[in-house]
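Trainee: The sequence shown begins at 3 in this note's numbering and counts up one residue at a time.
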Amino acid sequence: MSSIPFAHLHIHSHYSPQDGIVLTDRLLHRAKELGQTAMGITDHGVMYGVVDFYSTARKLGMKPLIGFEAYVAPGDRRDKSPANAYAYHHLTLLARNRAGYRNLCRLSSDAFLNGFYHYPRTDRETLAQWAEGVVCLSGCMRGEIPKLLLADKFEEAKKAAEWHRETFGEGNFFLEIMQNGLEEQRRILGPMRELSRKTGIPLVATADSHYLRPEDRDIQDVMICITTGKHLNDEKRMRASTGCHLKSGEEMAAALPDFEDAVENTMRVVDICNFELIGKKSEFHLPKFKVPDGLTAEEHLSRLSLAGLKRHYSDPLPAPVRERFDKELAVIVQMGFPDYFLIVWDLVNFARERGIPVGPGRGSAAGSIVSYGLGITNLDPLKYGLFFERFLNEGRNEMPDIDLDFDKERRHEVVEHIIETHGSDHCAKIVTFSCLSLKSGIKDVGRVMGVPLDRTNRLSKMIPDMFKAEKDSTPLQSALAAIPELKAEYDGDPETMKLLDAVDQLDGAMRGTGVHAAGVLVADRPITDYAPLAVRDGELTTQYEMKSLEKLGLCKIDILGLETLSLIKSAVDAIRKNTGVEVNVDTLPPDDKPTFDMLSRGDAKGVFQFESEGMRQLLARLKPDVFEDLIAAVAIYRPGPLQFLDNFVNRKHGRERISYLHPGMESILRETYGLILYQEQVQALAQDLAHFSLSEGDLMRRAMGKKNAEIMAAYRQKFIDHAGADIGREVAEKVYDQIQVFAGYGFNKSHSACYALVAYQTAWLKCHFPREFMAATLTVNRGNTDKIIEYSDALAGMDIKVLPVDVNRSDAFFSVEEGKNIRFAMSAVKH
């Protein structure tokens, strides 16, 4: 525990491109161990980790300071001549208040949008434009002022220091000193003191930390090699600096014995930086949807949804429909989300008006009757027992999340529409981070260490995909305990031990960035008011990943491209052309016997969700004869619930007795033959047996899913107390225990139902119009030779001859010619 007050103001986490290695939570935990109460995050040119850092610091009772280390071009940031490729200065920037945070977001964004040249760069002009609310430190040895002092240009350094003080304001600029054992750092300590004396600008001590402990320097070397494509034995490679670990206050004082004021001034900076990035109560930054004159968003939403519900049901609406609608609308309005539903409705309406196929919905949104009325979803939530509270309830205080499926080939038109509607500065794609894991890291670390590829391949294959560490264990500790052959290799070979230990230390570190496949951020104000932007592969993206954006109350809409929608459209078009029959897949009879007979034979090649060998075997065993069986099949074919597959099949066919711990469970579990398969069933059981609200039942389910012991214990007591009064305490305990066993495996029924509907649509098309369906299937798999060969049995059964066509020909597409041949393009013929 440190007795010298000190805070790190210049820190690089694993989000610093090329050389950071430490996860933000580890940095903060280590600082707290050292008795420090505050810390600043200043990654190289980016703010990727800000929200994660801020959230963790607050949980630990520490004060987070937010910033980044800027790359400052010596002239115009837009000058991208080769001579300026690496001619930049470092400058440490921290947000003093909310205005400062916004300006940091603008500076970092502009560095990517206008200044990027090898690195995201800013310049003096831009710094002056957005200096309000920013605290500036003069930077490390690559800073402008340290460079000038090292070159014995004191007067120029003095002018630079005065420019920074004038730009950022009196009391907001500090001369940064550090001593990590480098001679150049020692050389400028005296000149820095003299510069401070002559200008009155205070000194501040930093450590430019890149790793936690001195011995971790070797691990930083490994990370540098991974990101630069070098080997550890390469003499010309970039190397980690010595002494850049997370120091205690005592270490800082010892390293800078004549600069007590500089150490103390770190707390002065801490004191002047004050703002809340995330409030105690969530604020949502939704755009205001433009509604017709004279209407509020609530009124427009109500009119649109009610009109759709009257088309689905009748006018006047049946009492249960109206009751459900009124209840949902009240929650939507109370939570402030009418504009969100209108934004999503607009996207779906835009697509339908232009003939862009739209899916029936996915995820929990199908439980909303308001969404059903708007046409956002296409499944009757009352008919299939889908709950609005699984999608949205006031107890969760979260933004709604409606995922939308569109024709993959025309998805871009929908993305363009949302940008045109809300403004290019209000919309952006969302960054994703690829991080090292125990499995993937073995090959990366092995390469830079020179470990033979056959050994790293062998070690990597020992670790299952999606391997997760046990609680309170590192991934390596968990793997060694669970995989005997890996432990034998680890214990028996020092080189393997060194490799795996290094990988374990780098677990979770950022390896690179990508772009979210579907997510589009849309905000009520320019995004840089809330978050910084970047550019990747020519696309404008946020610097914060999806979960961080949600913490800031920003609206993400997933606009997905679903290839199956392209398939359905192609099949429907071919049916119309060849037979004159108009097929509307949204109005198919849900109980078509020939379709269920086909699926019961396991004949599901090309059928959405059901074409894998395992799924076809499941269908052949299950022999589905109602739509609810298809919903269950989608939900049960996953690693957890598969253990109950035999029970499910045997109960359906009467080979295993169906029993219930209490008769009140039968109406809820009848459709799944007494098994708890859906999350919604957990909610319903909590409501019917323990008199919970559906919202509270959802919160109980979430606690069970996350295995939160403390919250689960509270819910257990409440459930047993409430249910025990009606069904007896002993039975209530057994029911709760049964729910708890299944809750971890329960699937979202709304999502299952939506995907089962698309599966049924493709199965119906295959059953009744097999030639056109297979032509469409080949169309969407154009160029995928392996997929086409996979369908060869189905084609042979239809007496269809497959003809290769030159892929470069303009007529290289799939069609049914005179009911005999399918023409298609493929780069190679394998039969």
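Ideal placement from N, C-alpha and C gives every residue a C-beta, glycine not left out.
1) Could you please give the first and the last residue of the uninterrupted alpha helix (DSSP H) stretch that includes Thr26?
2) Tell me which residue opens and which closes the beta strand (DSSP E) that Lys431 is part of.
3) Ignoring anything shorter than 4 residues, give me the alpha helix (DSSP H) runs that lie fully in the stretch 662 to 708, in order along the chain.
4) Give me the Cβ distance between Lys282 and Asp341, rounded to the nearest whole Å; I'm assuming they're in contact under 8 angstroms.
5) For the alpha helix (DSSP H) containing Pro322, list its first residue and its last residue.
6) Excluding five sequence neighbours on each side, which residues of the same chain lie with their C-beta closer than 6 angstroms to the C-beta of Phe646?
7) When the distance is taken between beta carbons, is Leu319 closer than 9 angstroms to Tyr374?
8) Please return the same chain residues whose Cβ sits closer than 7 angstroms to the Cβ of Ile190, not counting the five positions on each side in sequence.
9) In the DSSP output, which residue or residues are listed as bridge partners for Ser211?
10) Using beta-carbon positions only, say whether Glu71 and Asp54 come within less than 9 angstroms of one another.
11) Rounded to whole angstroms, what's the CA-CA distance from Phe327 to Gly117? Just pull it up for me.
12) Please name the residue in Gly192, Val48 and Val636 whose C-alpha comes closest to that of Ile13.
13) How many Å lie between Pro122 and Gln131 at the Cα?
14) Is Ala519 helix, strand or coil when you go by DSSP?
15) Starting from the C-beta of Val760, find all residues in its chain whose C-beta is less than 7 angstroms away, skip the five residues before and the five after it, and write them out in chain order.
16) Are the beta-carbon atoms belonging to Pro76 and Glu168 less than 9 angstroms from one another?
17) Tell me which same chain residues have a C-beta within less than 8 angstroms of the C-beta of Val74, skipping the five on either side of it?
18) Excluding the 5 residues preceding and the 5 following Leu205 in the sequence, name in chain order all residues of the same chain whose CB lies nearer than 6 angstroms to its CB.
19) Using 8 angstroms as the threshold, is the stretch 428 to 443 in touch with the stretch 567 to 583, meaning 3 or more CB pairs across them?
20) If you draw a straight line from the C-alpha of Ile371 to the C-alpha of Ala332, how long is it?
21) Should Thr674 go down as buried or exposed, given a rule of 16 or more other Cβ atoms within 10 Å for buried?
22) Return the first residue and the last residue of the beta strand (DSSP E) that Lys558 is part of.
23) When DSSP labels each residue in this structure, what does Leu109 get in the three-state scheme?
24) Who are Lys65's beta bridge partners in DSSP?
25) From Ile561 to Gly748, what distance separates their C-alpha atoms?
26) Can you tell me which of Leu95, Arg104 and Asp154 puts its alpha carbon nearest to the alpha carbon of Ser140?
27) Is it right to say Asn710 is buried, meaning 16 or more other beta carbons lie within 10 angstroms of its own, or is it exposed?
28) Rounded to whole angstroms, what is the Cα-Cα separation between Arg811 and Met337?
29) Would DSSP call Arg354 helix, strand or coil?
30) Check whether the stretch 466 to 479 touches the stretch 531 to 538, taking contact to mean three or more Cβ pairs, one atom from each stretch, closer than 8 angstroms.
31) Taking the runs of the beta strand (DSSP E) that are 3 residues or longer, which of them lie wholly in the stretch 198 to 250?
32) Following the continuous beta strand (DSSP E) through Thr543, name the residue where it begins and the one where it ends.
33) To the nearest angstrom, report how far apart Arg305 and Val293 are at their CA atoms.
34) Specify whether the stretch 221 to 231 and the stretch 440 to 454 touch according to this definition: at least 3 beta carbon pairs, one from each stretch, less than 8 angstroms apart.
35) Let me know the secondary structure DSSP gives Gly375 once reduced to three states.
36) Please classify Asn852: is it buried, with 16 or more other beta-carbons within 10 angstroms of its beta-carbon, or exposed?
Mentor: Taking the structure as given:
1) It spans Thr26 to Glu35 - the alpha helix (DSSP H) in which Thr26 sits, taken as one unbroken run.
2) Counting along the chain, the beta strand (DSSP E) containing Lys431 begins and ends at Cys429 to Cys437.
3) For the stretch 662 to 708, whole alpha helix (DSSP H) runs of length 4 or above, ordered along the chain, are 668 to 671, 681 to 692 and 696 to 708.
4) No, Lys282 and Asp341 are not in contact; Cβ-Cβ is about 23 angstroms, not under 8 angstroms.
5) Residues Ala321 to Gln336.
6) So the list reads Leu677, once near-sequence residues are dropped.
7) Taking 9 angstroms as the Cβ cut-off, Tyr374 and Leu319 do not qualify as a contacting pair.
8) Excluding sequence positions up to five before and after Ile190, its CB lies within less than 7 angstroms of the CB of Pro148, Leu151 and Leu152, all in the same chain and listed in chain order.
9) Note: Ser211 is bridge-paired with Ile13 in the DSSP secondary-structure output.
10) Note that the C-beta distance between Glu71 and Asp54 is not below 9 angstroms.
11) Straight-line measurement puts the Cα of Gly117 at about 51 angstroms from the Cα of Phe327.
12) Residue Val48 holds the alpha-carbon nearest to the alpha-carbon of Ile13 among Gly192, Val48 and Val636.
13) For Pro122 and Gln131, the distance between alpha carbons rounds to 17 angstroms.
14) The answer is strand: DSSP assigns Ala519 an E or B state.
15) Closer than 7 angstroms at the Cβ level, and outside the excluded window around Val760, lie Gly361, Pro362, Thr566 and Phe610.
16) The answer is no: Cβ separation not under 9 angstroms.
17) For Val74, where only same-chain residues beyond five positions count, the Cβ hits under 8 angstroms are Tyr90, His91, His92, Leu93, Arg123, Thr124, Asp125, Arg126, Leu129 and Glu146.
18) These residues qualify, in order along the chain: Leu177, Ile179, Ser198 and Ala264.
19) Short answer: they don't touch.
20) Rounded to the nearest angstrom, the two C-alpha atoms are 13 angstroms apart.
21) Around the Cβ of Thr674, a 10 Å sphere holds 16 or more other Cβ atoms; the residue is buried.
22) From DSSP, the beta strand (DSSP E) with Lys558 extends over Cys557 to Leu564.
23) Helix, per DSSP.
24) Beta bridge pairing from DSSP links Lys65 with Ala40.
25) Taken atom to atom, the span from the alpha-carbon of Ile561 to that of Gly748 is near 26 angstroms.
26) Selected option, being the one with the closest Cα: Leu95.
27) Counting the other CB atoms within 10 Å of its CB gives Asn710 a total below 16, which places it among the exposed residues.
28) Low per-residue confidence applies at Arg811: pLDDT is 42, beneath 50, and the placement is therefore not dependable enough to give any value.
29) The three-state secondary structure of Arg354, taken from DSSP, is helix.
30) For the pair of segments examined, the stretch 466 to 479 was found not to touch the stretch 531 to 538: the number of CB pairs separated by less than 8 angstroms stays below three.
31) Listed in chain order, they are 205 to 207.
32) Taken as a continuous stretch (DSSP letters only), the beta strand (DSSP E) holding Thr543 covers Glu541 to Thr544.
33) If you take the alpha carbons of Arg305 and Val293, they lie about 11 angstroms apart.
34) Taking one beta carbon from each stretch, the stretch 221 to 231 and the stretch 440 to 454 have 3 or more pairs nearer than 8 angstroms; the two touch.
35) Annotated three-state conformation of Gly375 is helix, per DSSP.
36) An answer regarding residue 852 cannot be provided, because it is not within the stretch 3 to 833 covered by the chain.
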